[in-house]
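In the working numbering, the protein residues as written are 12 to 481.
Think of the CB as a built atom: it goes at the ideal place given N, C-alpha and C, for glycine as much as any other residue.
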């Protein structure tokens, strides 16, 4: 708990009674548009003056970030929560949410969890206003499908206090952590006058959304606070946020082409046997037609029922990889047809994919928050077999080097402007001629698909192409 410090006598009192609180106070944030303030001094009273007091359902009073007892609430992740009803009247043009959180060590799981502050019934869309929760280990501002969800794109750590804040100005949602802007997205913000505000869970009471950890100092404003005001809330009473855990870029594998091979599907049979040392089991859906390929057999996926899937952690090639394959049947009318896709079907969880877009070849890397896609400028001949290779190389500075080769020739290259921020959340799967769980099937002929755990050199890719000409 920390109250707004205005007078020197108040600052002196806090210095004497709050060990660890600095005498240097942050600039005062204007309270005129503060519509809800729950400081959790042993209760859930609204100290904004608007009488939107919270009703307690199980959370236990505990110490705050300064070590003061009975100054925050601990939530057990099972059924503890606080309900504010009726809610404060919010504005679709100006909004700020500020809260302190400390996640328990075992708080996170693979998908959506940990509702910190929500106004979300889980039912009708008009009663789904906002949800500050977590996707895996990433705090996320869920805006109910009205736009892309802003999220913190790196692990925040557990058993440490973090300040989270969200603002909306009528157009942009901005998500801050510890006073720094981490992500933003454009979307509307339609309030609902009756839907309760919950602390520590989602309005629907779904088990996965109960928060596990400690929450303190909930504030909601009908004002879009400036970045300076957000930083002032973060540094209130001299607080210095702990450093974020680092994200290390692993060293690239150093191996021969043969040893770098993770999987190889020559498409000699309709069962799609992997002939690499991995021997990955492929599940074939539908009945892809076995046809004559570039060298030997190939498979024709009909775009209606045919696709295939492989599940194995060896395919989790997050920083370095090469995909090579032969493709025929470039659909110039299709806006987006998948050739290969790796992910788990959840939002933001498709680390790499190869596609055909209006006849051109695309190679995409998704680092949870951003989709980095590179695409050839010209389209290969639709009815001719074309050799395509895509490589990913994450540099020591975290930037990603993406390349596409067509028939052994470098066609396009891109260096991403921002570092790779991908965080592994769980086991995924590789699909052929589709994405997710068989959505939007693609019509194409596919032959000799290979995956490597490092970016092959131009010469190594030329060699694979030349060998097929013999």
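- Between residue 453 and residue 348, the C-beta gap is smaller than 8 Å, which places the two residues in contact.
- With respect to the C-alpha of residue 264, the residue from 467, 158, 101, 147 having the closest C-alpha is 467.
- Restricted to the region 118–190, the beta strand (DSSP E) segments that are unbroken, complete and at least 3 residues in length are 123–131, 139–146, 149–153, 173–179, 183–188, listed in chain order.
- CA-CA distance, residue 101 to residue 75, rounds to 28 Å.
- Using a Cβ distance threshold of 8 Å, residue 461 and residue 184 do not count as a contacting pair.
- For the pair of segments examined, the region 222–240 was found to touch the region 38–53: the number of CB pairs separated by less than 8 Å reaches three.
- Counting only residues of its own chain and dropping the five nearest sequence neighbours on each side, residue 81 has a CB closer than 6 Å to the CB of 53, 72.
- Under the criterion of beta carbons closer than 8 Å, residue 309 and residue 293 do not qualify as touching, at roughly 15 Å.
- Where residue 474 is concerned, the enclosing alpha helix (DSSP H) starts and stops at 469–478.
- Residue 459 and residue 335 have their C-alpha atoms spaced approximately 8 Å apart.
- Across the structure, residue 83 and residue 428 are spaced so that their CA atoms are roughly 40 Å apart.
- In the three-state scheme derived from DSSP, where H, G and I count as helix and E and B as strand, residue 260 is classed as coil.
- Close CB contacts of residue 283 within its chain, under the 6 Å cut and outside five residues either way in sequence, are with 276, 293, 295, 319 (chain order).
- The beta-bridge partner set that DSSP reports for residue 87 consists of 223.
- In this structure, the beta-carbon distance from residue 41 to residue 69 does not fall below 8 Å.
- Burial state of residue 450 is exposed, judged by a 10 Å Cβ sphere holding fewer than 16 other Cβ atoms.
- By the C-beta density criterion, residue 373 is buried, having at least 16 other C-beta atoms within 10 angstroms.
- CA-CA distance, residue 204 to residue 97, rounds to 8 Å.
- The Cβ atoms of residue 224 and residue 114 lie closer than 8 Å to each other.
- 273 is the residue among 311, 273, 481 whose C-alpha sits nearest the C-alpha of residue 286.
- Pairing residue 253 with residue 108, the inter-Cα distance amounts to about 21 Å.
- The beta carbon of residue 331 sits closer than 7 Å to the beta carbons of 263, 264, 403, 404, 405, 464, 465, 466 from its chain, once the five residues preceding and following it are set aside; these are given in chain order.
- Listed in chain order, the non-local C-beta contacts of residue 268 below 6 Å within the same chain comprise 471, local neighbours out to five positions each way being set aside.
- Exclusion of the five residues before and after residue 141 leaves 130 as the residues of its chain whose Cβ lies within less than 6 Å of its Cβ.
- Proximity to residue 389 across 377, 411, 418, 119 peaks at 418, based on C-alpha coordinates.
- Where residue 270 is concerned, the enclosing alpha helix (DSSP H) starts and stops at 268–271.
- With 16 or more other CB atoms across the displayed protein chains lying within 10 angstroms of its CB, residue 366 is buried.
- Between residue 351 and residue 441, the C-beta gap is smaller than 8 Å, which places the two residues in contact.
- For residue 384, the enclosing beta strand (DSSP E) stretches over residues 382–386.
- As the crow flies, the alpha-carbon of residue 170 is around 14 Å from that of residue 125.
- Rounded to the nearest angstrom, the Cβ distance from residue 222 to residue 88 is 6 Å, consistent with a contact under 8 Å.
- Counting only runs of at least 3 residues, the region 323–410 fully encloses the following beta strand (DSSP E) elements, listed from N- to C-terminal order: 331–339, 348–354, 363–368, 371–377, 382–386, 397–405.
- Its Cα nearest to that of residue 257, the residue 168 stands out among 168, 313, 216, 317.
- By a beta-carbon distance limit of 8 Å, residue 210 does not contact residue 60. Their separation comes to about 19 Å.
- Residue 118 has its alpha-carbon roughly 16 Å from the corresponding atom of residue 165.
- Rounded to whole angstroms, residue 479 and residue 306 show a C-alpha spacing of 7 Å.
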